[in-house]
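Read through the structure below, which is laid out as structure tokens, and then see the notes.
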Amino acid sequence: MTIRNSWLKGGIACVFLLNSLGANADYRDHPNAGALIERVAARGVDREWLEAALAEATKQDSILKAISRPAEKSKPWSEYQDIFLTERRTQEGIKFWRENREALDRVSAETGVPSEIIVAIIGVETYYGRITGGYRVIDALTTLAFDYHRRSP
């Protein structure tokens, strides 16, 4: 499997994992896991790969605690723009886009999300891979998908 295919499969799995609900630390046996596996497999992701990923996932209680108490108050865009709209970030975004153009174009075509939006999200969330956090992605996503019960609006 190529790195690009890994990213695509991971991205598809992430989208569907975030749409799942429930609570169980053994995610393969979670009541919603079967439906999740079926939906993701229908999108072309290997069923055995997904089952193995769910088997390796570990519930992270610290993620649930952190998300239940936001770190900051809501700020207007005018307070955030100086952080994100810098010459350096712009240049990093252009570099990232050029280096990953083929994968970005493919994902954009498959999802309908414009490449520039994908690049912007990656820039805000990870500073183009520099800030990746302390959790494995599969642990964070399964914890949020299966164990985080959002309040209704």
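Numbers in the numbering used here are just positions in the sequence shown, counted from 1, shifted up by 296. We treat Cβ as the ideally placed atom computed from N, Cα and C, and that holds for glycine.
{"Asked": "May I have the straight-line CA-CA distance separating residue 337 from residue 347, to the nearest angstrom?", "Found": "10 angstroms"}
{"Asked": "Considering only their Cβ atoms, is the gap separating residue 403 from residue 414 smaller than 8 angstroms?", "Found": "yes"}
{"Asked": "How close, in whole Å, do the beta carbons of residue 363 and residue 444 come, if the pair is a contact with beta carbons under 8 angstroms?", "Found": "6 angstroms"}
{"Asked": "Assuming residue 384 is part of the alpha helix (DSSP H), what are its boundary residues?", "Found": "383 to 395"}
{"Asked": "Output the distance between the C-alpha atoms of residue 351 and residue 323, rounded to the nearest integer angstrom.", "Found": "7 angstroms"}
{"Asked": "Please state whether DSSP places residue 423 in a helix, a strand or coil.", "Found": "coil"}
{"Asked": "Report the rounded CA-to-CA distance for residue 435 versus residue 370, giving the unit in angstroms.", "Found": "27 angstroms"}
{"Asked": "Cα separation between residue 328 and residue 377?", "Found": "39 angstroms"}
{"Asked": "Buried or exposed: residue 332, going by 16 or more other Cβ atoms within 10 Å of its Cβ?", "Found": "buried"}
{"Asked": "Is it the case that the Cβ atoms of residue 355 and residue 439 are separated by a distance below 8 angstroms?", "Found": "yes"}
{"Asked": "Cα separation between residue 427 and residue 344?", "Found": "30 angstroms"}
{"Asked": "Taking 8 angstroms as the cut-off, decide whether the C-beta atoms of residue 419 and residue 384 are in contact.", "Found": "no"}
{"Asked": "Can you grab the Cα-Cα spacing for the pair residue 375 / residue 422, in whole Å?", "Found": "19 angstroms"}
{"Asked": "Report the three-state DSSP secondary structure of residue 433 (helix, strand or coil).", "Found": "helix"}
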